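Participant:
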Amino acid sequence: MVDDKEKNMKCLTFFLMLPETVKNRSKKSSKKANNSSGTSSSSSKLPPVCYEIITLKTKKKKKMAADIFPRKKPANSSSTTVQQYHQQNLSNNNLIPAPNWQGLYPTIRERNAVMFNNDLMADVHFVVGPPGGTQRLPGHKYVLAVGSSVFHAMFYGELAEDKDEIRIPDVEPAAFLAMLKYIYCDEIDLAADTVLATLYAAKKYIVPHLARACVNFLETSLSAKNACVLLSQSCLFEEPDLTQRCWEVIDAQAELALKSEGFCDIDFQTLESILRRETLNAKEIVVFEAALNWAEVECQRQDLALSIENKRKVLGKALYLIRIPTMALDDFANGAAQSGVLTLNETNDIFLWYTAAKKPELQFVSKARKGLVPQRCHRFQSCAYRSNQWRYRGRCDSIQFAVDKRVFIAGFGLYGSSCGSAEYSAKIELKRQGVVLGQNLSKYFSDGSSNTFPVWFEYPVQIEPDTFYTASVILDGNELSYFGQEGMTEVQCGKVTVQFQCSSDSTNGTGVQGGQIPELIFYA
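Just so we're aligned, residue 6 is where the sequence shown starts under my numbering, counting upward by one.
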């Protein structure tokens, strides 16, 4: 009966020739031939070759080369590291100087990485970039085909062409190199100025993991300055998640986004989608001015003279997406009405819309945008006042907070006077690791109740998740006011979780358990 140990052992059997056995039997056969010459011819032949069945034990888990040979830094300068080759090969094609370079790298990944942008054994070359800015890059068909189905079809498919040189005028050389580095080295190296071009290359050659990394990079670097451009690109690349993230930034920080240089670089279709946006959180005069700025740049792109007529021409029907009748009367009278873009009839009709009981029909949208509804995170369970608290003598009230989702802080809710109505001057500030992200000096009027009173930043401030920020305020006004108590370290506000902790900047007594800054006002 076979024991358990043999049952669990995987065996591999094969036939192994034993040379010594064959040799000994050959000697015996020759002796017999000399002693008996009268034997039959069959007895003089060599005996049949003998084989034995050998059983070899196999291990349950095979070790890879990387396990057997852990990475070590070369002992001498001749053993150049893969990273050094990467750096060299980014700018030029280097041949490996050492004849036995394969022995320097224990894993196939490291040996494969040496071939990155290397002419050694290259069987194809790419001329990448537009005319006048091309770069000739070497490639290895097998490696490229393993990394991209497009390259596989190009080199080994039914319609494959045997070309030594392939021209790619629609991809930037830096982006193509970034894609090759991922295919050869399994490394993702992205930069802000080439990530969009790299995303295009990854999409074109169907390298999905690199494309996903590009989108993640863009999402983390998204801001009001680049949101409009990225919105245009995300629609082009069909990346709905990135598109949604762009809309979140544009809606919450609309005025910053519309005033950015990137807004003027968007295409007409993206312009229309922004002007049509119902949740755009901006004054309509800002929208109008941004559209005129875009029209000016578009005239330059189309080689048109910078005239009012041409600005209106390039705007086309998008002009009527601007909700001019919803502007404040002062904004219209001093801005849109004197811009020259509107016809005389349009200007008169809009003035009548403001003043007449019977309003004329307009081509412009006359319903105000909904904008965004701010959310309020209240961190105290109760408030109180005493005869000797809460006093303000130029000291700072401060608290730290962190969120689990990206939000946009629009302002703070503050307590007011506990001794009747009073006016306060408030300097609010928002910092991250000592760097000021937003600040504003404004006034607010309190009616003597225990309600909170909003104080706003000029523009909402973008807050990234899982990082502590410092909210501060310096108040000047009636010394005695309400203050919060029974503070909470964690508050759930809709889908956003906010954590609070004490700040070292607080010199007036505010902390987690009590004090000022009872509310954070934000968009999510």
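Here a beta-carbon is modelled for each residue, glycine too, at the ideal position from N, C-alpha and C.
All figures in this text were calculated on a predicted structure; none of them were measured in a lab.
Please return the same chain residues whose Cβ sits closer than 7 Å to the Cβ of residue 172, not counting the five positions on each side in sequence.
Facilitator: Closer than 7 Å at the Cβ level, and outside the excluded window around residue 172, lie 132.
Participant: Any idea what DSSP makes of residue 424, helix, strand or coil?
Facilitator: If DSSP states are grouped into helix, strand and coil, residue 424 belongs with coil.
Participant: In angstroms, rounded to a whole number, what distance separates the CA positions of residue 267 and residue 228?
Facilitator: Taking the straight line from one Cα to the other gives about 11 Å.
Participant: Report the rounded CA-to-CA distance for residue 384 versus residue 330, giving the unit in angstroms.
Facilitator: The alpha-carbon atoms of residue 384 and residue 330 are separated by roughly 40 Å.
Participant: Over what stretch of residues does the alpha helix (DSSP H) that includes residue 489 continue unbroken?
Facilitator: Element bounds for residue 489: not the alpha helix (DSSP H) but the beta strand (DSSP E), 488-492.
Participant: Only counting runs of 4 or more residues, tell me where the alpha helix (DSSP H) segments fall wholly within the stretch 212-239, in order along the chain.
Facilitator: Fully enclosed alpha helix (DSSP H) runs of 4 or longer: 213-225.
Participant: Considering Cα atoms alone, identify which of 415, 452 and 454 is closest to residue 463.
Facilitator: Closest option to residue 463, Cα to Cα, is 415.
Participant: By alpha-carbon positions, which one of 410, 273, 300 and 253 ends up nearest to residue 286?
Facilitator: When only C-alpha atoms are compared, the closest one is 253.
Participant: Mapping the DSSP letters down to three states, classify residue 318 as helix, strand or coil.
Facilitator: If DSSP states are grouped into helix, strand and coil, residue 318 belongs with the helices.
Participant: Could you have a look at residue 478 and say whether DSSP puts it in helix, strand or coil?
Facilitator: If DSSP states are grouped into helix, strand and coil, residue 478 belongs with the strands.
Participant: Counting along the chain, where does the alpha helix (DSSP H) carrying residue 113 start and finish?
Facilitator: Start and end: 113-119.
Participant: Would you kindly check if the distance between the Cβ of residue 485 and the Cβ of residue 423 is under 8 Å?
Facilitator: Going by C-beta atoms, residue 423 is nearer than 8 Å to residue 485.
Participant: Can you find at least 3 beta carbon pairs, one from the stretch 443-461 and one from the stretch 339-357, that sit closer than 8 Å?
Facilitator: As far as the Cβ criterion goes, the stretch 443-461 does not touch the stretch 339-357, which means the pair count is below three.
Participant: Is it buried or exposed for residue 396, if we count other Cβ within 10 angstroms and need 16 for buried?
Facilitator: Under this definition residue 396 is an exposed residue.
Participant: For residue 73, which residues from the same chain have a beta carbon less than 8 Å from its beta carbon, with the 5 sequence-adjacent residues on both sides left out?
Facilitator: For residue 73, the predicted structure reports a pLDDT of 38, less than 50, and the residue's modelled location is therefore unreliable. The matter cannot be settled from this model.
Participant: Taking the runs of the beta strand (DSSP E) that are 3 residues or longer, which of them lie wholly in the stretch 284-311?
Facilitator: You should have found no qualifying run.
Participant: Please go through the same chain and pick out, in chain order, the residues whose beta-carbon is closer than 8 Å to the beta-carbon of residue 441, but skip the five residues on each side of it.
Facilitator: These residues qualify, in order along the chain: 434 and 435.
Participant: Throw me the rounded Cβ distance for the residue 184 and residue 212 pair, which I believe falls under 8 Å.
Facilitator: Confirmed, Cβ separation roughly 6 Å.
Participant: Can you tell me whether DSSP reads residue 375 as helix, strand or coil?
Facilitator: Three-state DSSP puts residue 375 in coil, outside helix and strand.
Participant: Helix, strand or coil: which one does DSSP assign to residue 513?
Facilitator: In this structure, residue 513 counts as coil in the three-state DSSP scheme.
Participant: Specify the secondary structure class of residue 495 as computed by DSSP and reduced to three states.
Facilitator: The answer is strand: DSSP assigns residue 495 an E or B state.
Participant: Rounded to whole angstroms, how far is the Cβ of residue 316 from the Cβ of residue 297, which I believe are closer than 8 Å?
Facilitator: Contact holds; Cβ gap of about 6 Å.
Participant: Strictly by DSSP, which residues pair up with residue 459?
Facilitator: In DSSP, residue 459 forms a bridge with 418.
Participant: How is residue 330 classed by DSSP in three states: helix, strand or coil?
Facilitator: Correct three-state label for residue 330: helix.
Participant: Out of curiosity, what's the CA-to-CA distance linking residue 406 and residue 251?
Facilitator: Approximately 24 Å between the Cα atoms of the pair.
Participant: What first and last residue would you give for the beta strand (DSSP E) that runs through residue 155?
Facilitator: First-last for residue 155: 154-161, but that is the alpha helix (DSSP H), not the beta strand (DSSP E).
Participant: Could you tell me whether the stretch 446-453 touches the stretch 364-377, using the rule of 3 or more Cβ pairs below 8 Å?
Facilitator: Judged by Cβ distances under 8 Å, the stretch 446-453 makes no contact with the stretch 364-377, as fewer than three pairs qualify.
Participant: What three-state label does DSSP hand residue 402 in the structure shown?
Facilitator: Of the three classes helix, strand and coil, the one that applies to residue 402 here is strand, per DSSP.
Participant: How is the alpha helix (DSSP H) around residue 132 delimited, first residue to last?
Facilitator: No alpha helix (DSSP H) holds residue 132; the beta strand (DSSP E) holding it covers 129-133.
Participant: Please work out which residues of its chain come closer than 6 Å, Cβ to Cβ, to residue 77, disregarding the five sequence neighbours upstream and downstream, and give them in chain order.
Facilitator: Legend: pLDDT at residue 77 = 42, less than 50; position of this residue unreliable, value from coordinates given subsequently. Counting only Cβ-Cβ distances below 6 Å, and skipping sequence neighbours, we find nothing.
Participant: Decide if residue 45 is buried, meaning its Cβ has at least 16 other Cβ atoms within 10 Å, or exposed.
Facilitator: Because residue 45 sits at a pLDDT of 41, beneath the cut-off of 50, its placement in the model cannot be relied upon, and the following sentence gives the value as read from the coordinates. Flag for residue 45 reads exposed.
Participant: Taking all protein chains shown into account, do 16 or more other C-beta atoms lie within 10 angstroms of the C-beta of residue 494, making it buried, or fewer, making it exposed?
Facilitator: Its Cβ having fewer than 16 others within 10 Å, residue 494 is exposed.
Participant: Rounding to the nearest angstrom, what Cα-Cα distance links residue 147 and residue 122 in this structure?
Facilitator: Taking the straight line joining both Cα atoms gives about 14 Å.
Participant: Could you say which of 324, 341 and 157 lies nearest to residue 332 if we only look at CA atoms?
Facilitator: Checked all of 324, 341 and 157; the closest Cα to residue 332 is 341.
Participant: Helix, strand or coil for residue 502? Go by DSSP, reduced to three states.
Facilitator: Looking at residue 502 - three-state DSSP - the assignment turns out to be strand.
Participant: Return the chain-ordered list of same chain residues with a C-beta closer than 6 Å to the C-beta of residue 387, the five sequence neighbours on each side being excluded.
Facilitator: Excluding residues within five positions, the ones whose Cβ falls inside 6 Å are 490 and 491.
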